[in-house]
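My numbering puts the first residue of the sequence shown at 1, with every later residue one more than the last. Note that the Cβ used here is the ideal one computed from N, Cα and C, for glycine as well. Okay, structure first, notes after.
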Amino acid sequence: MGKVLVTGGTGYIGSHTVIELLKAGYEPVIVDNLCNSKIEVLNRIKLISGIKPKFYQIDVQDKEAMRRVFEENEIESIIHFAGLKSVGESVQKPQLYYDNNVGSSKVLIELMEEYGVHNIVFSSSATVYGNPKSVPIVETDPVGEAASPYGETKIIIEKMLMEYASTHKDANVALLRYFNPIGAHPSGVMGEYPTGIPNNLMPYITQVAVGTLKQLTVFGGDYPTRDGTCVRDYIHVVDLAVGHVYALHKLEEKPGLVIYNLGTGKGTTVLELVHAFEKANNMKINYVVGDRRPGDVTECYANCDKAYKEMGWKAELSIEEACRDSWNWQSKNPHGYE
Ligand code: NAD
Ligand code: WQD
1 MGKVLVTGGT
11 GYIGSHTVIE
21 LLKAGYEPVI
31 VDNLCNSKIE
41 VLNRIKLISG
51 IKPKFYQIDV
61 QDKEAMRRVF
71 EENEIESIIH
81 FAGLKSVGES
91 VQKPQLYYDN
101 NVGSSKVLIE
111 LMEEYGVHNI
121 VFSSSATVYG
131 NPKSVPIVET
141 DPVGEAASPY
151 GETKIIIEKM
161 LMEYASTHKD
171 ANVALLRYFN
181 PIGAHPSGVM
191 GEYPTGIPNN
201 LMPYITQVAV
211 GTLKQLTVFG
221 GDYPTRDGTC
231 VRDYIHVVDL
241 AVGHVYALHK
251 LEEKPGLVIY
261 NLGTGKGTTV
271 LELVHAFEKA
281 NNMKINYVVG
291 DRRPGDVTEC
301 YANCDKAYKE
311 MGWKAELSIE
321 EACRDSWNWQ
331 SKNPHGYE
């Protein structure tokens with residue numbers, strides 16, 4: 001149980017993972033440049049866990065500054081969340097995404113070599129499967145044509161880490177392909193608050209619920225699914241966070257390279273999620289069914305048997321619990337961490 005460098009540790013998934021790492025007895029060391037998160041997150045982590053983890057406000061691309069983190073801490077493993085994640089923005093500013101996401105991963109890999117750190121968990125995404133030929137998606141399904149520069153960065157970083165694993169006999173790499181994280185810490189003090197108008201469905205729903213936004217547009221009602229809306233695999237962020245602790249335990253067995261889908265294994269339509277939210281929180285969401293959003297795939301959900309078989313991890317929390325926790329967070333923090 002040693003020090004774990006958590007890049008992007010003040011972000012949405014990173015902050016929840018820090019809580020689970022502390023619970024499991026690890027010592028997280030957070031690096032984040034705060035480009036998409038707030039320093040207040042550290043106070044919230046303390047509120048939940050009683051511990052304020054060590055924090056460095058550093059851009060992971062800054063190798064010199066990152067060296068300091070490795071010099072000052074005996075890092076045993078890394079969980080690499082840091083990255084930009086807006087699909088739409090990546091289409092507008094592809095170079096920014098390649099520089100930031102691929103660039104920071106390159107620096108990390110070089111520092112792993114320099115400081116003899118062998119274990120890394122990487123935040124990959126279901127987006128690497130592109131438009132899946134069949135669902136549920138298994139890890140051996142082909143990595144597809146990326147739908148965006150963002151997706152392309154995930155494919156490239158996965159390849160860099162695969163090559164790193166194949167050329168370093170001591171390396172242990174876990175590529176975790178997340179499906180759609182939703183929900184918040186059940187305490188209501190930590191959650192997701194995107195800057196600007198949310199791209200993702202759940203923060204959009206909660207901002208309509210809290211009155212910040214007027215109406216949700218459901219993107220497309222004419223897909224060949226049970227109610228005409230797209231199917232996704234929504235996973236509670238706490239389940240996802242716990243998955244990272246299991247992945248660290250797995251890496252301690254020195255498996256070399258491992259790849260896991262982290263989802264629930266269950267597909268949910270957009271309207272099912274909206275109705276689950278309404279039911280869980282006893283309220284109505286103002287929505288209208290509009291045009292399709294370009295680039296959306298009809299169905300995307302995971303087969304997560306491999307993560308269960310090899311790590312013993314599976315998602316435990318329901319969509320209803322995620323809806324309740326998302327609303328608990330949003331209603332208590334209508335402006336996020338501001
Ligand atoms: P987030 O934006 O909340 O967290 C990412 C964090 O990284 C932020 O705190 C940001 O300030 C930081 N960051 C970005 N670039 C940095 C850099 N160069 N140096 C230091 N810090 C930097 O996003 P999240 O939802 O928590 O996602 C975490 C990771 O998981 C990302 O890599 C994302 O691509 C991946 N992922 C997210 C989802 C999702 O739907 N949320 C799905 C699949 C994969
Ligand atoms: C979910 C469903 C929308 C907003 C994205 C990234 C993916 C991964 C997770 C990082 C879709 C519908 C949404 C709205 C809607 N991230 N929707 N109205 O597109 O599955 O995945 O986040 O790796 O790479 O692409 O998630 O939350 O945007 O959409 O009807 O206002 O909700 O059409 O069917 P998506 P999402």
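Buried or exposed by the 16-neighbour rule on C-beta atoms within 10 Å, applied to T268: The residue is buried, with at least 16 neighbouring Cβ atoms inside 10 Å.
Boundaries (first-last residue) of the alpha helix (DSSP H) holding H244: Note, H244: alpha helix (DSSP H), V237 to E252.
Distance, F81 Cα to I13 Cα: Their backbone Cα atoms lie some 8 Å apart in a straight line.
Backbone CA spacing between W329 and K169 [nearest angstrom]: Distance between the alpha carbons of W329 and K169 is about 44 Å.
Cross-strand partners of H80 (DSSP beta bridge): Per DSSP, T7 and F122.
Chain-order list of residues whose beta-carbon lies under 6 Å from that of R44 (same chain, five-residue window excluded): Sequence-distant Cβ neighbours of R44 in its own chain, meaning closer than 6 Å and more than five residues away, are V189 and M190.
Start and end residues, beta strand (DSSP E) containing A174: It spans N172 to Y178 - the beta strand (DSSP E) in which A174 sits, taken as one unbroken run.
Cα-Cα separation between S37 and A307, rounded to whole angstroms: Going from the Cα of S37 to the Cα of A307 covers about 29 Å.
Spatial distance of P136 from R68 (CA atoms): Distance between the alpha carbons of P136 and R68 is about 43 Å.
Distance between S125 and D233 (C-alpha atoms, nearest Å): A straight-line Cα-Cα distance of about 12 Å links D233 and S125.
Residues sharing a beta bridge with G290, DSSP: In the DSSP output, where bridge partners are listed per residue, G290 has F219.
Rounded C-alpha distance that separates K106 from R226: Here the alpha carbons of R226 and K106 stand approximately 43 Å from one another.
Residue nearest to K93 in terms of C-alpha spacing, selected from D325, L21, V102 and P149: Among D325, L21, V102 and P149, the Cα nearest to that of K93 belongs to P149.
Residue from T10, I48 and D222 with nearest C-alpha to N33: The option with the nearest alpha carbon to N33 is T10.
CB-CB length for V143 against I155, believed under 8 Å: Taking 8 Å as the upper bound for CB-CB distance, V143 and I155 are in contact here, some 6 Å apart.
Rounded distance between the beta-carbons of V270 and T229, thought under 8 Å: About 4 Å; that satisfies the 8 Å criterion.
Pocket of the ligand WQD defined by Cβ to heavy atom distance under 6 Å: That query returns the following residues: K85, V87, S125, T127, N180, N199, N200, L201, Y204, L216, T217, V218, F219, C230, R232, V270, R293 and D296.
Residues that DSSP places opposite N261 in a beta bridge: N261 is bridged to R177.
C-alpha distance - F122 paired with A65, whole-angstrom precision: About 21 Å.
Three CB pairs or more closer than 8 Å across the stretch 288-296 and the stretch 237-245: Short answer: they don't touch.
H249 versus S104 - alpha carbon distance: Cα to Cα, H249 sits roughly 25 Å from S104.
The stretch 252-260 in contact with the stretch 175-187 per 3-pair CB rule at 8 Å: The stretch 252-260 is in contact with the stretch 175-187.
Within 7 Å, strictly: CB atoms of K23 and I75: Their beta carbons are not under 7 Å apart, which means K23 does not touch I75 by this criterion.
Member of L251, G211 and E272 whose CA lies at the smallest distance from the CA of S331: Among L251, G211 and E272, the Cα nearest to that of S331 belongs to G211.
Contact test: D59 Cβ vs the ligand NAD heavy atom, cutoff 6 Å: Result yes, Cβ under 6 Å from the ligand NAD.
Any chain C beta carbon closer than 7 Å to V231: Judged by its chain identifiers, the structure shown contains no chain C, having just a single protein chain.
Proximal residues to E316 (C-beta, below 7 Å), its chain only, five neighbours per side dropped: A distance below 7 Å between beta-carbons, with the five flanking residues on each side excluded, links E316 to the following residues of its chain, in chain order: D239.
Per-residue burial, K279 [other beta carbons within 10 Å of its own, 16 or more giving buried]: The residue in question, K279, is exposed, as its Cβ has fewer than 16 Cβ neighbours within 10 Å.
Local Cβ density within 10 Å of G151, reported as buried at 16 or more and exposed below that: G151 is buried by the Cβ-count criterion.
Beta bridge counterpart(s) of A302 as assigned by DSSP: Looking at the DSSP assignment, A302 forms a beta bridge with I137.
Nearest to S77 (by Cα), restricted to the options T7, D325, A209 and A184: Of all alpha-carbon atoms in T7, D325, A209 and A184, the one lying nearest the alpha-carbon of S77 is that of T7.
Length of the line joining the Cα atoms of T217 and M311: Whole-angstrom Cα-Cα distance: 38 Å.
Y234: CB within 6 Å of a non-hydrogen atom of the ligand NAD: Incorrect: Y234 has no Cβ contact closer than 6 Å to the ligand NAD.
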